[in-house]
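Q: Everything in the sequence shown is counted per our numbering, starting at 1367 for the first residue and increasing by one.
The beta carbon of each residue, even a glycine, is placed where N, CA and C say it ideally should be.
One structure follows; several queries about it will come next.
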Amino acid sequence: MRLAVIGTGYVGLVSGVCFSDLGNDVVCVDKLENKVDMLLQGISPIYEPGLEELIHKNKEQGRLNFTTNLAEAVQKSEIIIIAVGTPSLPNGQANLSFIEDAAKEIGQSLNNFKIIVTKSTVPVGTNEKIKQIISKYSQFPFEIASVPEFLREGTAVQDTLHPDRIIIGATSDYAKEKLIKLHSPLSENILVTDIRSAEMIKYASNAFLATKISFINEIANICEKVGADITQVASGMGYDKRIGSSFLKAGIGYGGSCFPKDTQALIQIAGQMDYDFKLLKSVVEVNHEQRFNIIRKLEALLGDLSERTIAIWGLSFKPETDDVRDAPAFEIINALLQRGAKVRAYDPIATENFKKCFTREEVQYCLGAQEAAVQADALCILTEWSEFKNISPEMIESWLTEPNLIDGRNIYSQEDLAKTKLNYYSIGRPNLN
Ligand code: UGA
1367 MRLAVIGTGY VGLVSGVCFS DLGNDVVCVD KLENKVDMLL QGISPIYEPG LEELIHKNKE
1427 QGRLNFTTNL AEAVQKSEII IIAVGTPSLP NGQANLSFIE DAAKEIGQSL NNFKIIVTKS
1487 TVPVGTNEKI KQIISKYSQF PFEIASVPEF LREGTAVQDT LHPDRIIIGA TSDYAKEKLI
1547 KLHSPLSENI LVTDIRSAEM IKYASNAFLA TKISFINEIA NICEKVGADI TQVASGMGYD
1607 KRIGSSFLKA GIGYGGSCFP KDTQALIQIA GQMDYDFKLL KSVVEVNHEQ RFNIIRKLEA
1667 LLGDLSERTI AIWGLSFKPE TDDVRDAPAF EIINALLQRG AKVRAYDPIA TENFKKCFTR
1727 EEVQYCLGAQ EAAVQADALC ILTEWSEFKN ISPEMIESWL TEPNLIDGRN IYSQEDLAKT
1787 KLNYYSIGRP NLN
């Protein structure tokens, strides 16, 4: 099939590249010329395992192209996929201006019948607005559909090629059949719904996963008080198929460009309908509070943090990505600086992006894990990169001036730590000191 994908962020770029890998003819469109130039040279603007290889392969085989010319891309395609960003407005609502602009430009470009699919995460009812905007600018017939995306950063290519399910929200049989055909090589689990339900499935799924994380983090906080171990508790809970073992990893809370934005947006969507989504509001509050456990634990070990040197390992919101959007590291480092601490930070790949949050005068950025930890008064692990898991606790002990290790992601085993003299505070497990 001939596809145009509007927007080359995580969702648009990865979907476009993967659809081309399935044999479709794909053109990805972005307004940013330098981004399109990079992509035309085969360079991925985001770090995502396996993506650049697929860009090269499919470009060379002539199935994948990139352009700034939306009209031409639309006119040559049968299916148009909208995958532009829907960032948060200051009040938490989704900002739909990129969606509205895309719909207007699509409307102005239509030359015959098209199926227009929204993959961006959009509030319930948005696809109907998209339909109205396109109709305003075009006389040609078209169908709209909602096919939300469930890929995770860091495993985006794998998730796109092997999704747990595909949701297709569409009205006409023609659009349903065409979209089932497009997605059938990806999954056997294709659920066809109405458009509003498809839009809601995306928000409800992200909100539920966020709820699982805040729930397990609160259980972890209680474990600390009663002397239980959250890793054992989560594993014991996860064997129950009704609960499931994933998303029960306690830590310093969720970050990234999706959960924080989508939970706020769903609270707003409910609020506009006069529904107070109390549970989700608490999930957000618990998540925010959880980050500061790192500061509380540091203060319990060191007292006043002013003039103390604190090493930070991990700046991205999760491993295998250079994305620092809403990463817990931001608020934790901010709180440390406010307390007068000196911060030395290292991340395997996210440092360049993080430099936009704090300058070199505020934070000393290090080229390696050891450089950050040497002669620090404490080390805090904020992202569970495998590079850190491979560094022995004995090594960390030899680098630090004072033997304080705060493990915000529970990457070390208590047994290994017990062999050292490190004061080891993790999340939801008994302290070792
Ligand atoms: C999330 C969803 O998992 C995807 O299904 C969805 O498509 C995506 O949002 C989106 O809406 O675009 P993502 O934000 O890339 O994907 O990453 P996740 O792996 O879900 O992790 C989110 C955050 O939760 C990370 O900060 C991670 O550290 C945290 N997390 C995750 C935990 O603290 N504990 C866990 O057990 C799992």
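For Gly1535, which beta-bridge partners are listed by DSSP?
A: Working through the sequence shown from its first residue, we reach residue 1535 at position 169. Looking at the DSSP assignment, Gly1535 forms a beta bridge with Ser1512 and Thr1559.
Q: When the Cα of Lys1568 is compared with those of Ser1601, Leu1517 and Ile1661, which residue comes out closest?
A: Counting from one through the sequence shown, the residue named residue 1568 turns up at place 202. Of the listed residues, the one whose Cα sits closest to Lys1568 is Leu1517.
Q: Can you give the beta carbon distance from Ser1601 to Val1649, rounded, assuming they're within the 8 Å contact cut?
A: The count along the sequence shown starts at 1 and reaches residue 1601 at position 235. The count along the sequence shown starts at 1 and reaches residue 1649 at position 283. About 22 Å; that fails the 8 Å criterion.
Q: If you follow the beta strand (DSSP E) that Leu1771 is part of, which residue opens it and which one closes it?
A: Reading the sequence shown from its first residue, position 405 is the one you call residue 1771. Asn1770 to Asp1773 is the span of the beta strand (DSSP E), which, as asked, contains Leu1771.
Q: Less than 8 Å between the beta carbons of Arg1705 and Gly1622, yes or no?
A: Here residue 1705 corresponds to residue number 339 of the sequence shown, with the count starting at 1. Here residue 1622 corresponds to residue number 256 of the sequence shown, with the count starting at 1. No, these two residues do not count as a Cβ contact at 8 Å.
Q: For Gly1491, count neighbouring C-beta atoms within 10 Å of its own C-beta (all shown protein chains included) and say buried if the count is 16 or more, exposed if not.
A: Counting from one through the sequence shown, the residue named residue 1491 turns up at place 125. By the neighbour-count rule (16 or more Cβ atoms within 10 Å), Gly1491 is not buried but exposed.
Q: Would you say Leu1614 and Lys1663 are within 8 Å of each other, going by their C-beta atoms?
A: Stepping through the sequence shown from its first residue, residue 1614 is reached at position 248. Stepping through the sequence shown from its first residue, residue 1663 is reached at position 297. The answer is no: Cβ separation not under 8 Å.
Q: Is Val1395 helix, strand or coil when you go by DSSP?
A: Residue 1395 sits at position 29 when you count from the first residue of the sequence shown. Here Val1395 sits in strand by DSSP.
Q: Going by the CB atoms, is the gap between Thr1675 and Asp1743 shorter than 8 Å?
A: For the purposes of this step, residue 1743 is taken as the residue at position 377 of the sequence shown. For the purposes of this step, residue 1675 is taken as the residue at position 309 of the sequence shown. Yes, they are a contact pair.
Q: How many Å lie between Phe1432 and Lys1627 at the Cα?
A: As a first step, residue 1432 is located in the sequence shown; it is residue number 66 there, counting from the start. As a first step, residue 1627 is located in the sequence shown; it is residue number 261 there, counting from the start. Cα-Cα distance, rounded: 28 Å.
Q: Let me check you understand the geometry: is the CB of Leu1557 closer than 7 Å to at least one non-hydrogen atom of the ligand UGA?
A: For the purposes of this step, residue 1557 is taken as residue 191 along the sequence shown, with counting starting at 1. Leu1557: no, Cβ never under 7 Å from the ligand UGA.
Q: Out of curiosity, what's the CA-to-CA distance linking Gln1630 and Ser1454?
A: In the sequence shown, the residue the question calls residue 1630 occupies position 264. In the sequence shown, the residue the question calls residue 1454 occupies position 88. Roughly 8 Å between the two C-alpha positions.
Q: If you draw a straight line from the alpha carbon of Leu1733 to that of Glu1509, how long is it in whole angstroms?
A: Locating residue 1733 in the sequence shown gives position 367, where the first residue counts as 1. Locating residue 1509 in the sequence shown gives position 143, where the first residue counts as 1. Cα to Cα, Leu1733 sits roughly 51 Å from Glu1509.
Q: Might you give, ordered along the chain, the residues of its own chain that have their beta carbon closer than 8 Å to the beta carbon of Glu1753, omitting 5 neighbours on each side?
A: Sequence index remark: in the sequence shown, residue 1753 carries index 387 (1-based). So the qualifying residues of the chain are Pro1714 and Ala1735.
Q: Can you tell which of Ala1564, Ala1738, Pro1769 and Ile1499 has its C-alpha closest to the C-alpha of Arg1531?
A: Against the sequence shown, residue 1531 aligns to sequence position 165. Taking only the C-alpha atoms, the option nearest Arg1531 is Ala1564.
Q: Which parts of the stretch 1673–1712 are runs of the alpha helix (DSSP H), unbroken and 4 residues or longer, counting only runs that do not cross its ends?
A: Here the runs fully enclosed are 1694–1704.
Q: With hydrogens ignored, establish whether the beta-carbon of Gln1518 is closer than 7 Å to any heavy atom of the ligand UGA.
A: The count along the sequence shown starts at 1 and reaches residue 1518 at position 152. In the sequence as displayed, the identity of residue 1518 is Arg instead of Gln. Under cutoff, so the answer is yes.
Q: Is Asn1572 near the ligand UGA, with its Cβ less than 7 Å from a heavy atom?
A: As a working mapping, residue 1572 is identified with position 206 in the sequence shown. At least one heavy atom of the ligand UGA is nearer than 7 Å to the Cβ of Asn1572, so yes.
Q: What did DSSP end up calling Tyr1778 once you bin it into helix, strand or coil?
A: For the purposes of this step, residue 1778 is taken as residue 412 along the sequence shown, with counting starting at 1. Correct three-state label for Tyr1778: coil.
Q: Are there three or more Cβ pairs, one per stretch, closer than 8 Å when the stretch 1377–1388 is compared with the stretch 1407–1418?
A: Segments in contact, yes.
Q: Quick one: does the C-beta of Thr1487 sit closer than 7 Å to a heavy atom of the ligand UGA?
A: As a first step, residue 1487 is located in the sequence shown; it is residue number 121 there, counting from the start. True, at least one ligand heavy atom lies under 7 Å from that Cβ.
Q: What would DSSP say about Thr1487, mapped onto helix, strand or coil?
A: The residue you call residue 1487 lines up with position 121 of the sequence shown. Coil.
Q: Leu1339 by DSSP, collapsed to three states: which one?
A: Here the chain comprises residues numbered 1367 to 1799, so residue 1339 is not present and cannot be evaluated.
Q: Considering only their Cβ atoms, is the gap separating Val1371 from Ile1472 smaller than 8 Å?
A: For the purposes of this step, residue 1472 is taken as the residue at position 106 of the sequence shown. For the purposes of this step, residue 1371 is taken as the residue at position 5 of the sequence shown. Their beta carbons are not under 8 Å apart, which means Ile1472 does not touch Val1371 by this criterion.
Q: For the stretch 1438–1473, list the beta strand (DSSP E) runs that are entirely contained and at least 3 residues long, ordered along the chain.
A: With a minimum length of 3 residues, the continuous beta strand (DSSP E) runs that stay inside the stretch 1438–1473 are 1445–1448.
Q: Ile1533 and Pro1514 - do their beta-carbons sit closer together than 8 Å?
A: Position 148 of the sequence shown, counted from the start, is the residue given in the question as residue 1514. Position 167 of the sequence shown, counted from the start, is the residue given in the question as residue 1533. Yes; because the gap between Cβ atoms is below 8 Å, this pair is in contact.
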